[in-house]
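Engineer: Residue numbers (our numbering), protein chains in the order written: chain D, 0 to 148; chain Z, 0 to 148. Mind having a look at this structure? Questions to follow.
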DNA sequence: CACAGTATGTAGCCGTGGCTACATACTGTG
DNA sequence: CACAGTATGTAGCCACGGCTACATACTGTG
């Protein structure tokens with residue numbers, strides 16, 4: 000076990016710094032579910048023309064009851080509108096969020112592929128990773144991709 | 000619908016595929032908290048000699064009550080041992096998990112830095128990203144880092 | 001047009017991960 | 001050695017994101 004360069008063996012961030020990092024990671028995780036729903040709804044609307052709770056539930060691999068509850072939360076948050084039995088649609092803010100999320104998703108997948116991650120793993124991991132990619136990191140990903148293309 | 004190269008504008012994964020992806024992302028998110036605790040406990044033991052619930056709580060930015068509850072869960076899962084007022088220690092499996100998590104964390108941070116992500120953002124985002132990096136992706140990260148060094 | 005079948009919605013349960021408030025144990029100092 | 005101060009633990013609350021079971025609305029076909 001040789002000690003690699005760069006990283007000192009036993010070094011910890013200052014306590015407040017570390018607390019802040021974990022806090023941000025927690026809040027990112029909190030918004031993750033909503034982002035997934037909004038992106039999926041946007042995709043369904045774009046491809047099939049409508050986004051019904053049951054479709055959403057099947058796509059996400061959850062029960063329809065769970066999907067409906069989450070949709071209700073998104074409605075409270077002003078990201079979607081949904082009238083009973085009439086499907087789900089995105090509001091203006093929801094549409095903007097979806098666009099941002101979709102773009103970020105593409106960049107993350109492209110970056111993973113560029114790094115040499117196998118396609119299936121790239122798609123899989125991007126699903127979780129994307130929610131934790133900050134603007135600064137996203138920008139760096141973009142620069143990297145442009146540089147190597 | 001022919002499968003175009005790279006990104007077609009309107010293309011969705013097959014429903015079961017997509018459901019499986021989201022399911023995996025969900026389960027990754029589930030183990031994330033435990034991984035954070037185990038890694039932190041390991042670091043505290045390595046640097047300070049002991050890991051007390053209050054230290055852990057402060058580091059994670061949560062109340063001590065929350066930390067204690069989570070530690071109890073980890074105890075149930077056999078990752079840590081903790082006797083009242085005597086601090087928290089890792090079991091064998093816990094130690095192994097911590098080692099794996101720590102190694103993965105380092106690789107993720109190094110990769111982000113190599114890509115050109117600013118240091119602070121790299122540390123911050125790695126905290127969330129690492130939990131979604133599969134073995135295949137981690138291996139690709141390692142290959143990339145070795146290739147450019 | 002009735003009715004079976006499907007989609008949608010509602011109710012109620014569970015575990016997790018937060019929190020505050022309170023109670024108990026430990027510890028170091030006057 | 002007492003006691004103030006800190007750490008630890010416990011209880012009980014909340015929101016979220018799962019689930020199943022049941023009730024209601026819609027729809028297309030015989």
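From the three backbone atoms N, C-alpha and C, an ideal C-beta is built for every residue, glycine too.
Counting contacts by CB-CB distance shorter than 8 Å, is residue 74 of chain Z in contact with chain D?
Structural biologist: Taking Cβ atoms only, chain D never reaches closer than 8 Å to residue 74 of chain Z, which makes this a no.
Engineer: Would you report the Cα separation of residue 7 of chain D and residue 57 of chain Z, rounded to the nearest angstrom?
Structural biologist: Model confidence at residue 7 of chain D stands at a pLDDT of 47, short of 50, so the residue's coordinates are unreliable and nothing is read from them.
Engineer: How would you call residue 10 of chain D, buried or exposed, if buried means at least 16 neighbouring beta carbons within 10 angstroms?
Structural biologist: Per the 10 Å Cβ criterion, exposed.
Engineer: Along the chain, where does the alpha helix (DSSP H) that runs through residue 37 of chain Z open and close?
Structural biologist: It spans 14 to 46 - the alpha helix (DSSP H) in which residue 37 of chain Z sits, taken as one unbroken run.
Engineer: For residue 3 of chain D, which residues of its own chain have a beta-carbon under 8 Å away from its beta-carbon, when the five flanking residues on both sides are left out?
Structural biologist: Note on residue 3 of chain D: pLDDT 43, under 50, position unreliable in the model; no value is reported.
Engineer: Among Z/121, Z/119 and Z/107, whose alpha-carbon lies nearest the alpha-carbon of residue 124 of chain D?
Structural biologist: That would be Z/107, whose Cα lies nearest to the Cα of residue 124 of chain D.
Engineer: Looking at chain Z, is there any beta carbon in it that lies within less than 8 Å of the beta carbon of residue 117 of chain D?
Structural biologist: Chain Z, which has a Cβ nearer than 8 Å to the Cβ of residue 117 of chain D, makes this yes.
Engineer: Leaving out the 5 sequence neighbours to the left and right, which residues in its chain are closer than 6 Å to residue 129 of chain Z when beta-carbon positions are compared?
Structural biologist: 103, 104 and 107.
Engineer: With DSSP as the reference, please indicate the residues paired to residue 88 of chain D in a beta bridge.
Structural biologist: The partner list for residue 88 of chain D (beta bridge, DSSP) reads D/80.
Engineer: State the Cα-Cα distance for the pair residue 81 of chain D and residue 117 of chain D, rounded to the nearest angstrom.
Structural biologist: About 38 Å.
Engineer: Between the beta-carbon of residue 20 of chain Z and the beta-carbon of residue 122 of chain D, is there less than 8 Å?
Structural biologist: Against a cut-off of 8 Å, the Cβ pair of residue 122 of chain D and residue 20 of chain Z comes out as a contact.
Engineer: Since residue 34 of chain Z and residue 79 of chain Z are thought to touch, with beta carbons under 8 Å apart, how far apart are those beta carbons, to the nearest angstrom?
Structural biologist: Wrong, their Cβ atoms sit about 12 Å apart, outside the cutoff.
Engineer: CB residue 40 of chain Z to CB residue 96 of chain Z, shorter than 8 Å?
Structural biologist: The answer is no: Cβ separation not under 8 Å.
Engineer: In three-state DSSP terms, what is residue 127 of chain Z?
Structural biologist: Helix, per DSSP.
Engineer: If you draw a straight line from the C-alpha of residue 25 of chain Z to the C-alpha of residue 47 of chain D, how long is it?
Structural biologist: So the two alpha carbons sit approximately 26 Å from each other.
Engineer: Are the CB atoms of residue 111 of chain Z and residue 136 of chain D nearer to each other than 8 Å?
Structural biologist: Yes, they are a contact pair.
Engineer: Pick out whichever of D/64, D/54, D/31 and D/72 has its Cα sitting closest to the Cα of residue 132 of chain D.
Structural biologist: Ranking D/64, D/54, D/31 and D/72 by Cα distance to residue 132 of chain D puts D/31 first.
Engineer: Just the chain D side, please: which residues come within less than 8 Å of residue 122 of chain Z by C-beta, in chain order?
Structural biologist: By Cβ distance, chain D contributes 12 and 20.
Engineer: Can you find a CB in chain Z that lies within less than 8 Å of the CB of residue 111 of chain D?
Structural biologist: Chain Z, which has a Cβ nearer than 8 Å to the Cβ of residue 111 of chain D, makes this yes.
Engineer: With 8 Å as the threshold, decide whether the Cβ of residue 30 of chain Z is near any Cβ in chain D.
Structural biologist: Taking Cβ atoms only, chain D never reaches closer than 8 Å to residue 30 of chain Z, which makes this a no.
Engineer: How would you call residue 127 of chain Z, buried or exposed, if buried means at least 16 neighbouring beta carbons within 10 angstroms?
Structural biologist: It counts as buried.
Engineer: Taking the alpha helix (DSSP H) that residue 117 of chain D belongs to, which residues open and close that run?
Structural biologist: Taken as a continuous stretch (DSSP letters only), residue 117 of chain D belongs to no alpha helix (DSSP H), as it is neither H nor E.
Engineer: Please state whether DSSP places residue 142 of chain D in a helix, a strand or coil.
Structural biologist: It is helical.
Engineer: Where do the N-terminal and C-terminal ends of the alpha helix (DSSP H) with residue 56 of chain D fall, by residue?
Structural biologist: Taken as a continuous stretch (DSSP letters only), the alpha helix (DSSP H) holding residue 56 of chain D covers 52 to 59.
Engineer: Pick from D/75, D/145, D/61 and D/141: whose alpha carbon is nearest that of residue 17 of chain Z?
Structural biologist: Out of D/75, D/145, D/61 and D/141, D/61 has the C-alpha closest to the C-alpha of residue 17 of chain Z.
Engineer: Under the three-state reduction of DSSP, which class applies to residue 108 of chain D: helix, strand or coil?
Structural biologist: Three-state result, residue 108 of chain D: helix.
Engineer: Once the 5 residues before and after residue 63 of chain Z are set aside, which same chain residues still bring their CB inside 6 Å of it?
Structural biologist: Counting only Cβ-Cβ distances below 6 Å, and skipping sequence neighbours, we find 52, 53 and 56.
Engineer: Checking contacts by CB at 8 Å: is residue 106 of chain D closer than that to chain Z?
Structural biologist: For residue 106 of chain D, the answer is no, since every Cβ of chain Z falls outside 8 Å of its Cβ.
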